[in-house]
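Residue numbers (the working numbering), protein chains in the order written: chain A, 1 to 312; chain B, 1001 to 1317.
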Amino acid sequence: MLELAGVTKVFKTGMFGKEETTAVSDVSFTVQPGEVISLIGESGSGKTTVGRMILRLTGATAGSITFDGSDVSRFGRRALRGYYADVQGVFQDPFSSYNPVYKVDRVLGMIRSSYLPDLSQEDWRTKLRKSLEAVSLVPADVLGKYPHQLSGGQLQRLMIARALLLDIKFLVADEIISMLDASTRIDVLNLLGDLKERGVGILFITHDLSLGNYISDRTIILRRGRIVEMGATPKVFGNPVHPYTQMLLFAVPHLHSKWAEGAEGAAGWEHEVSESAAGPLVEVERDHLVASDEGTSLAGAQPQQAQGGENR
Amino acid sequence: MSLAVDNLRVYYRTLKGDVRALDGASFTVADGEIMGLAGESGCGKTTLGKSLVRLDGRMQVMGGTVTLDGVELPIADDNAMNEFRFREVSIVPQYAMSALNPIRKIGRMISELLDSRGVSYDETLPELSRRLALVGLDDGVLDRYPIELSGGMKQRVVMVLSTLMNPSLLIADELTSALDVSTQKAVAEMLVEFRERKFVKSTIVITHDLSILYQIADTILVMYAGKLVEKASAAKITEDPRHPYTRLLIGSLPEVGVRFADRRLEGIPGRPPGLLNPPAGCRFRDRCPLAFEKCAEEPPFAEIAPGRFAACWKAGS
């Protein structure tokens, strides 16, 4: 459904844009309907840039993004409008997604005026009620309210309900629960699971490994704009091969087991896994690709050049 | 007994009335104890932490006492607290990265701070560089401006600076929340190391992240809507929580290994009450599956077993 092939993004930085920063480098993967892929990376890994390119909020420097066979970068105004009826994004900060001056109904009403102008009042009401129910919101609790009267969880659910009004096929969810409290974040996460069961494809962008593990079918580990490991979530988490993935999983705090006594010392500070030569992705087992960087032990790997997604 | 807090109440003054952010907290922290202070946003954990060191302008102490090593802290008196701050109690604030003066070199700033406490910078320097080395920094940082350091480096500088006078109590507020997992672990372990080396006697670690606390804290105190809910050893709180709120909160955390496809975790329905006019009785009762008539009466934060405290009528059973 959605396919990224060799997607690269270079930002011009410094005075007069003389310097270049590669935010995303040669990223390829596909997402199928009803599949949740988590894109996991630390700050500066380029994970948000990937989401923004899919939503065409920024263009790719190289490579292509295709949705149902059409190149996203070629869309004109009309085609783009159609694209946004299928593909929507929800972002980290629910409070900045709303204009505090207007009632929250406005973001929903805008969907109607932009995409569903011919819908009768009655059909609209039914549709609205159904989308709100799908995200476990009671219409009376949220409609007619201003953003500050609602909780972060409610606002975030409302953003998802807004996407549901369009019967979207694909959702980019960028850190949508990192600002929510623990007791409500799991409900929003479960909502993504419900969407998936309805056949929506989801790119779940997060820095939190345990959330990614909980919800996603496949996992991509991004480091400095490059994919270092990707594949079926149980394989990436159960049998991490790249040293960077291993380091991440080693450092995640668990609730019922203590950190292993690591002989880390001062080396644990600024994690400079040395800038070793970067290698292409190779398949280590079925649906499990790892960057064959220097220092990666690829015992049992079949060194075949692999393009993301083909080996599903 | 290092720290004893008795019935502390701190409200925020607003035009609409008092926001009861911290409404009667009584607990103790022992010598050498690392106590985790956990809860969701708005539960009063930061208010509690701040009130032990420096109140911000809108905060008003409504009652209660704070005793540190047998001396009552004049927490309501900003000037009188100067004598204790930095020497006896110290805080690493939530935005530690922005806590440094941007127009002073790090070394000059530290020297000014020590001066204000009548301590010689030159005499402290050897110890300072030893401690910087301990957190992976060299003396070079002293000649740099904060802008030249990364977020993680600034955080470590603030950490070393706050503990330079070996305070009895250190309060670390969301120290690890803005960090990547890899640095998070190192910073959390630094807190334990500082305790081992007796740079600080006891520590209160404020965070919303229970799994970090499980790694480093001896005990965990859970707050909800301005009230203390439960305190016990880190192991007991996570393995066998007694208060329904703690139980539901822990049940809602996805652990590596739990997957949506296999087991669907549940959140806690509803939201905490507003603290402007909080309801009488147990503040969790609207969301609590075990609530019964008696919950209209406020449950005391009582010792239900040796070393275990909980504020719930049903926690003892």
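Glycine included, every Cβ here is placed at the ideal spot set by N, Cα and C.
Assigned with DSSP and collapsed to three states, threonine 21 of chain A falls in strand. Around phenylalanine 1309 of chain B, the same chain offers Lys1231, Phe1301 and Glu1303 as residues with beta carbons nearer than 6 Å, after the five sequence neighbours per side are excluded. A:Ile160 is the residue among A:Asp167, A:Leu166, A:Ile168 and A:Ile160 whose C-alpha sits nearest the C-alpha of asparagine 190 of chain A.
The Cβ atoms of leucine 1175 of chain B and methionine 1159 of chain B lie closer than 9 Å to each other. The DSSP assignment places 1169-1173 as complete runs of the beta strand (DSSP E) inside the region 1121-1205 of chain B, in order along the chain (cut-off: 3 residues). At a cut-off of 9 Å between beta carbons, serine 1182 of chain B contacts chain A.
With respect to the C-alpha of valine 284 of chain A, the residue from A:Asp208, A:Asp123 and A:Gly231 having the closest C-alpha is A:Gly231. Considering only A:Ala134, A:Lys130, A:Lys127 and A:Leu158, the residue with the shortest C-alpha distance to valine 142 of chain A is A:Leu158. Lysine 1185 of chain B sits buried, since 16 or more C-beta atoms from the chains shown fall within 10 Å of its C-beta. Rounded to whole angstroms, the gap between the alpha carbons of lysine 12 of chain A and arginine 52 of chain A is 17 Å. Within 10 angstroms of the beta-carbon of methionine 1223 of chain B lie 16 or more other beta-carbons, which makes it buried.
For the pair glycine 46 of chain A and isoleucine 215 of chain A, the Cα-to-Cα distance works out to about 21 Å.
Contact between glycine 1070 of chain B and leucine 1008 of chain B does not hold, since their C-beta atoms are separated by about 17 Å, which reaches or exceeds 8 Å. Judged by beta-carbon spacing, isoleucine 1268 of chain B lies within the 9 Å limit of serine 1252 of chain B, meaning their Cβ atoms are closer than that value.
The CB of asparagine 213 of chain A comes closer than 9 Å to the CB of Pro1254, Glu1255, Val1256, Gly1257, Val1258 and Arg1259 in chain B, given here in chain order.
Residue environment: isoleucine 176 of chain A is assigned as buried (16 or more neighbouring CB atoms within 10 Å of its CB, all protein chains considered). At least one beta carbon of chain B lies nearer than 9 Å to the beta carbon of glutamate 42 of chain A. The C-alpha of glycine 1151 of chain B is placed about 30 Å away from the C-alpha of isoleucine 54 of chain A. According to the DSSP assignment, isoleucine 215 of chain A belongs to the alpha helix (DSSP H) that extends over 209-215. Per DSSP, threonine 13 of chain A is one residue of the beta strand (DSSP E) stretching across 2-13. Not a single CB atom of chain A sits nearer than 9 Å to the CB of leucine 1048 of chain B. The three-state reading of DSSP puts asparagine 190 of chain A in helix, counting H, G and I together.
Within the region 234-261 of chain A, Phe237, Met247, Leu248, Ala251, Val252, Pro253, His254, Leu255, His256, Lys258 and Trp259 place their CB atoms closer than 7 Å to a CB of chain B, listed in sequence order. Isoleucine 1171 of chain B places its beta carbon less than 9 Å from that of isoleucine 1206 of chain B.
In the DSSP assignment, asparagine 1007 of chain B falls within the beta strand (DSSP E) that extends over 1003-1014. Ranking A:Gln246, A:Glu122, A:Gln88 and A:Glu3 by CA distance to the CA of glycine 69 of chain A puts A:Glu3 first. A direct Cα-Cα distance of roughly 37 Å separates leucine 1213 of chain B from glutamine 88 of chain A. DSSP places glycine 82 of chain A in the helix class (H, G or I) of the three-state scheme.
Note that the C-beta distance between valine 50 of chain A and leucine 39 of chain A is below 9 Å. Sorting B:Asp1218, B:Ala1225, B:Ser1211 and B:Gln1155 by C-alpha distance to the C-alpha of serine 1098 of chain B places B:Gln1155 at the top. Using beta-carbon distances, glycine 1274 of chain B does not count as an interface residue toward chain A, since no partner is under 9 Å. It is roughly 25 Å from the alpha-carbon of glutamine 121 of chain A to the alpha-carbon of arginine 198 of chain A.
Annotation: Cβ neighbours of aspartate 187 of chain A in chain B (cutoff 7 Å, chain order): Gly1267.
Distance from the CA of arginine 1085 of chain B to the CA of glycine 44 of chain A, rounded to the nearest whole angstrom, comes to 36 Å. Between the region 1140-1149 of chain B and the region 1098-1110 of chain B there are three or more C-beta pairs closer than 8 Å, enough to call the two in contact. Within chain B, the C-beta atoms nearer than 8 Å to that of aspartate 181 of chain A come from Glu1040, Ser1041 and His1208, in chain order.
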